[in-house]
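Have a look at the structure below, then the notes.
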Amino acid sequence: MKTNIHQTNATPPSLRDSIPSFSASPVETFTSRYLRHYETANVVNKDDTEERVGLSDLSTSVGNLVNKAFLKLDMNPSGLFAMLNLAHARVKLDNNARFIQWFQYVLRYRQKELRWFDDDKIFKLLQKSKSEDDLVTLFHNLRQVPELKNLADKMQRMLWKSPSSHELMSQIWLKTSETPNEVFKILNLKSATLDVHNKKFLQWLRYTELYRAEKGVNSFSELQTMHFLLDAKPIETQFGTVFQKLKQFPDLEKLAENMQIYLFERSIHVLKYNPKHFGDLLVNPSPWKSILTEPKNDATFQTLEAYTLKYAKALGGDDAEGIVKTLFAKDEPIAAIEAAMKVAKLLR
């Protein structure tokens, strides 16, 4: 339906209050109305006494109209960021409707043909005006908006590149009871190599320790941690070496030791792996004997030795373990492995 631009009838109040007029200066008209409506809700009062207003105050329909209006103007997200005064130090970050509106606008802007505003631009724009503490809060809150969850996680990972942010992020995750499962997703570890060179993996393991200390040992036990990792990365035996290497970190040594014991017990009693088979899997596709050419302080050698000792004790008791330990000490690893396996044969 076309509108007569010369008509003199007053615009109905419901439309006049919610839809900006573009007859003269659409940007100025809309901005003044929009900012006036949300100024109180989204800027911290000097006395910090004004009531917080959350997402419920921003109607979905109005928000969609807002985005459509700016998209028609081809407004660059950087320009809109400045227009909405989001860099102001007094702008609230807790459930801030204006920030959420801006992020949603970025997504719409990206969908326009030949228009792009990548994650790096978003992060740098925010980083210029907000502290790390503020960004940790902002990105975590944005994650609660389903449409923005993936983008918020990307922002958290970009922020994580700053070592000083690690403790801040762990604190807010713990404060809001983010489970280790969810933090694993945030850090995008599913597609990553899980070893001692992966700092995100180490941080995640440390978070499981914090979570247990805060929520109780059974909230996400060490055994659950091991099973979670085996489900995430079906390279079961090779985790034996990963856990061995983790022992070099004092704050993770106990966790690594216990997870390795659980792994060995599973391999011995459930999977029925003898030391030779376990060794083959450790260095697949190489044969287990190739491990014995490595120095004694090599993590893979130490893992096979630890497994063989555990195997001997589990099936033959302390005496069998003592014999195997002596043979390893004499630098006779093949004899040690044979002795451990002989115990198993005698028990059959």
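Residue numbering for the sequence shown follows the numbering used here, beginning at 4 and increasing consecutively. In this text, a Cβ means the ideal position worked out from N, Cα and C, and glycines have one as well. In this text the structure is predicted, and so the values were computed from the model without any measurement.
Mind checking which residues open and close the alpha helix (DSSP H) that includes residue i?
i, result
"N153", "K152 to W163"
"Q303", "For the sequence presented, residue 303 should be read as Thr rather than Gln. Unbroken alpha helix (DSSP H) run through T303: A302 to A332."
"S173", "S168 to K178"
"M262", "E256 to E268"
"D234", "E225 to A235"
"A216", "K202 to K218"
"P278", "P278 to L285"
"L141", "E135 to L145"
What three-state label does DSSP hand residue i in the structure shown?
i, result
"A338", "helix"
"F120", "coil"
"L61", "Summary for L61: the model assigns pLDDT 44, below 50, so the residue's position carries little reliability; its value from the coordinates is reported in the next sentence. DSSP places L61 in coil when its eight states are reduced to three."
"M86", "helix"
"I238", "coil"
"M78", "coil"
"V199", "coil"
"T244", "helix"
"Q114", "helix"
"M344", "helix"
"T182", "coil"
"W291", "helix"
"L192", "coil"
"I273", "The amino acid occupying residue 273 in the given sequence is Val; Ile does not appear at that position. V273: helix per DSSP, three-state reduction."
"Q107", "helix"
"R55", "Legend: pLDDT at R55 = 38, less than 50; position of this residue unreliable, value from coordinates given subsequently. Reduced to three states, the DSSP call for R55 is coil."
"S132", "helix"
"V148", "coil"
"F73", "helix"
"K127", "helix"
"K5", "With a pLDDT of 45 at K5, under the threshold of 50, the modelled position of that residue is not reliable, and no figure is offered here."
"F352", "This structure does not reach residue 352, given that the chain is present from 4 up to 351, and the question cannot be answered."
"L349", "helix"
"E297", "coil"
Quick check: residue i and residue j, are their CB atoms within less than 8 Å of each other?
i, j, result
"L274", "K236", "no"
"L307", "V327", "no"
"Q247", "Q305", "yes"
"L74", "R111", "yes"
"A315", "A343", "yes"
"F120", "P80", "yes"
"F252", "S270", "no"
"T179", "F223", "no"
"P336", "L284", "no"
"L171", "E135", "yes"
"L151", "L208", "no"
"L249", "V199", "yes"
"K203", "A195", "yes"
"I340", "K279", "yes"
"E217", "N261", "no"
"V109", "I125", "yes"
"W105", "L87", "yes"
"S132", "A90", "yes"
With residue i and residue j assumed to form a contact (beta carbons below 8 Å), what rounded beta-carbon distance in angstroms separates them?
i, j, result
"A338", "L330", "5 Å"
"N191", "R160", "6 Å"
"S168", "V139", "6 Å"
"M70", "Q107", "The sequence as given places Asn at residue 70; Met does not occur at that position. Between Q107 and N70 the Cβ distance is about 6 Å, and since that is below 8 Å, they are a contact."
"L213", "S173", "6 Å"
"R146", "D156", "7 Å"
"Y265", "M229", "5 Å"
"G325", "V346", "Going by Cβ atoms, the distance from G325 to V346 rounds to 12 Å, so no, they are not a contact pair."
"T303", "T211", "Between T211 and T303 the Cβ distance is about 25 Å, and since that is not below 8 Å, they are no contact."
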